[in-house]
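A.B. asks:
Protein chains: 2
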Amino acid sequence: MSHTINVAVVQQACGGDKQANLQRTVEAIEQAASQGAQLVVLQELHATPYFCQTEATDNFDLAEPIPGPSTQLLAQAARANQVVVVGSVFEQRAPGLYHNTAVVLEKDGSLVGKYRKMHIPDDPGYYEKFYFTPGDLGFHPVSTSVGKLGVLVCWDQWFPEAARLMTLAGADMLVYPTAIGWSPADDSAEQKRQQDAWFTVQRGHAVANGIPVIVANRTGFEADPSGNSAGIRFWGTSFIAGPQGEILGKAAEDTAALLVQRVDRARVDAVRRIWPFLRDRRIEEYADLLKRFRD
Amino acid sequence: MSHTINVAVVQQACGGDKQANLQRTVEAIEQAASQGAQLVVLQELHATPYFCQTEATDNFDLAEPIPGPSTQLLAQAARANQVVVVGSVFEQRAPGLYHNTAVVLEKDGSLVGKYRKMHIPDDPGYYEKFYFTPGDLGFHPVSTSVGKLGVLVCWDQWFPEAARLMTLAGADMLVYPTAIGWSPADDSAEQKRQQDAWFTVQRGHAVANGIPVIVANRTGFEADPSGNSAGIRFWGTSFIAGPQGEILGKAAEDTAALLVQRVDRARVDAVRRIWPFLRDRRIEEYADLLKRFRD
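Chains as they are written, first to last, in our numbering: chain P, -8 to 286; chain X, -8 to 286.
This is the structure we're talking about:
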């Protein structure tokens, strides 16, 4: 395995036509491969609009099994372009049992791993607890030809525990398919704080764990079908950070983008030699991390 | 208890004269109080140079018991100025048993709590494992008239576990006395990455926990007494961040500074309502956080 790998992040706006969205994704995978990418990371729920703005039972029609049509299509694209693909699927596991699931396709097209989103948000505009059962697969990196991928999804990005558990399991990099944006109802100072916080907490995981972080976010405005809110303006700015949290590459806010960036995995070892945090963890004093609150 | 409190951070350069250093600290506490501060946070080992650049047994002469001369002086200053003070002491607990300990003095001068640094670094220029036994008091905030202070020290700042444990124990804010700087041997790009990483990981704790973070760092150049290295240029930039990681105030790099900043504790509740991370932690899946590595 080479020390450097070329990582691509695909940032897209999504319309209502699932096939058209997936077609654009496949084209982006081809384009990424033609630019030398070996790993292509897609955004969360890239096949559809972000349907969690409302709680509507009809939206369960958008779900599909794994393997299923989406993973088949992504597998074909992975094999045709000889790249590893991290995709995102609204998974129907059984009637009434759904997950927000990331899938990993090896460059030969095989489905080599999946991760079911463990931390599920629920706040105005992001009613995910209605749709997604919290994942039951735990935090385990997926071994691929480009390294062990610590795949997490969106809301997981706010939880240092998830990043740490992936690192402790030997992940070579953290990968976050994401769908996050602004409420137009918030003022610009609040919007800036939210976006900065999002960068900061994920770059913080890179620092605390000495590990690269790859984030694919959605872009574009999506109206709230219920009309109850002002919708979501997804803030794009997909990015790739190195193991000191340094930004290696970043996409724009308001347009579809393909970000291709060389990531030097040898930096992980170099950084952890000067900042050996894993050496100094006081694991015998961490038991209360397993509590809800220490009261 | 009022929703807003005025927090002061004292950033100093330290010379070889312990009494002179402490005298400057007392003057800074007076000045902070005259500017309305209710809480004054001092930097790590503010009474002395950062002696851990070398391993020299004579340096144990700098240690003192708790309570002892330094805590007595800080208690007087706290009482005289009616402020809560977080100080830092090289603690001699017994012959051959030393700690790097933060102390909390209430505004009536009583010593209301101490925290013994739990994570101890050891890397070129920071030979702390020679001097400091890892703390055995665990992670517990100190209750004061200005709130529950989640006092941690320097190297702790790189560990999300420490910030989380303090938050789960009901800390109202995190407080980090610190001594960190650049090696002049590193190039400017590496220096910038290190300082950015330091800001980022601590601001990340603010975000992940929805909690203000108060950081007091040392400034000034200190030569390596052994002559083996190029010394340390402490990078100052003490700062105060709000519960979204937003920088509320920040000192300069290369001068002594007194930073006084109003912190609105009501923001904690407001931020945690929109980002209720504590609600969604998957505690039943975190057991491996207590492992050294998951191999």
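Each residue gets a CB set at the ideal place from its N, CA and C atoms; glycine is no exception.
1. May I have the straight-line CA-CA distance separating asparagine 91 of chain P from tyrosine 41 of chain P, to the nearest angstrom?
2. So, with DSSP's three-state summary, where would you put histidine 196 of chain X?
3. According to the Cβ coordinates, are aspartate 187 of chain X and leucine 159 of chain P closer than 8 Å?
4. Which residue's Cα is closest to the Cα of glutamine 193 of chain P: P:Ala170, P:Ile231 and P:Ala19?
5. With respect to the alpha helix (DSSP H) encompassing tyrosine 122 of chain P, which residues constitute its N-terminal and C-terminal limits?
6. What did DSSP end up calling threonine 45 of chain P once you bin it into helix, strand or coil?
7. Starting from lysine 282 of chain P, find everything on chain X with Cβ-Cβ shorter than 7 Å and list it in chain order.
8. I need the straight-line Cα distance from alanine 297 of chain P to tryptophan 146 of chain X, nearest angstrom please.
9. I'd like the span of the beta strand (DSSP E) that includes valine 94 of chain P, first residue to last.
10. From glutamate 291 of chain X to leucine 53 of chain X, what distance separates their C-alpha atoms?
11. Please name the residue or residues paired with glutamine 83 of chain P in a DSSP beta bridge.
12. Counting C-beta neighbours from all protein chains within 10 Å, is the total for aspartate 260 of chain P 16 or more, i.e. buried, or is it exposed?
13. Let's test the definition: count the other Cβ atoms within 10 Å of the Cβ of phenylalanine 283 of chain X and tell me whether it reaches 16, buried, or not, exposed.
14. Counting pairs of Cβ atoms below 8 Å between the region 115 to 133 of chain X and the region 172 to 185 of chain P, do you hit three or more?
15. Step through the CB atoms of chain X and report whether any lies within less than 8 Å of the CB of glutamine 186 of chain P.
16. Within a Cβ cutoff of 7 Å, which residues of the same chain sit near asparagine 200 of chain X, ignoring the five residues on either side of it in sequence?
17. Can you tell me where the alpha helix (DSSP H) holding isoleucine 202 of chain P begins and where it ends?
18. Do we get a CB-CB distance below 8 Å when we pair asparagine 151 of chain X with the residues of chain P?
19. At the level of alpha carbons, what is the spacing between serine 101 of chain P and alanine 66 of chain P?
20. On the three-pair Cβ rule with 8 Å, is the region 252 to 267 of chain X touching the region 211 to 218 of chain X?
21. Taking the CB atoms as reference points, tell me whether alanine 207 of chain X and serine 229 of chain X lie closer together than 8 Å.
22. Are there 16 or more other CB atoms within 10 angstroms of the CB of proline 203 of chain P, so buried, or fewer, so exposed?
23. Residues of chain X with CB under 8 Å from glutamine 235 of chain P, in chain order?
24. Starting from aspartate 317 of chain P, find everything on chain X with Cβ-Cβ shorter than 8 Å and list it in chain order.
25. What is the DSSP secondary structure of phenylalanine 268 of chain X, reduced to helix, strand or coil?
26. Glutamine 2 of chain X by DSSP, collapsed to three states: which one?
27. What are the start and end residues of the alpha helix (DSSP H) that includes glutamate 21 of chain X?
28. Have a look at X:Phe190, X:Ile111 and X:Tyr106 and flag the residue whose alpha-carbon is nearest the alpha-carbon of glycine 141 of chain X.
29. Looking at glutamine 3 of chain X and histidine 37 of chain X, is the spacing between their C-beta atoms short of 8 Å?
30. Contact criterion: CB-CB distance below 8 Å. Does isoleucine 231 of chain P meet it with respect to chain X?
31. Considering Cα atoms alone, identify which of P:Thr191, P:Ala197, P:Thr169 and P:Gly233 is closest to glutamate 35 of chain P.
C.D. replies: Inspection of the coordinates gives the following:
1. 12 Å
2. helix
3. no
4. P:Ile231
5. 119 to 122
6. coil
7. Leu159 and Ile274
8. Absent from the structure is residue 297 of chain P, since the part of chain P shown begins at -8 and ends at 286.
9. 88 to 96
10. Shown here, chain X extends from -8 to 286; a query on residue 291 of chain X therefore has no answer.
11. P:Tyr89
12. exposed
13. The sequence given here places arginine at residue 283 of chain X; phenylalanine does not occur at that position. Flag for arginine 283 of chain X reads exposed.
14. no
15. no
16. Ala154, Arg155 and Thr158
17. Here isoleucine 202 of chain P belongs to no alpha helix (DSSP H), and DSSP marks it neither H nor E.
18. The question names asparagine, yet the displayed sequence has proline at residue 151 of chain X. It does; some Cβ of chain P falls within 8 Å.
19. 6 Å
20. no
21. yes
22. buried
23. Arg184, Gln185, Asp187 and Ala188
24. In the structure as shown, chain P begins at -8 and stops at 286. Residue 317 of chain P is therefore absent and cannot be evaluated.
25. helix
26. strand
27. 9 to 25
28. X:Tyr106
29. yes
30. no
31. P:Thr169
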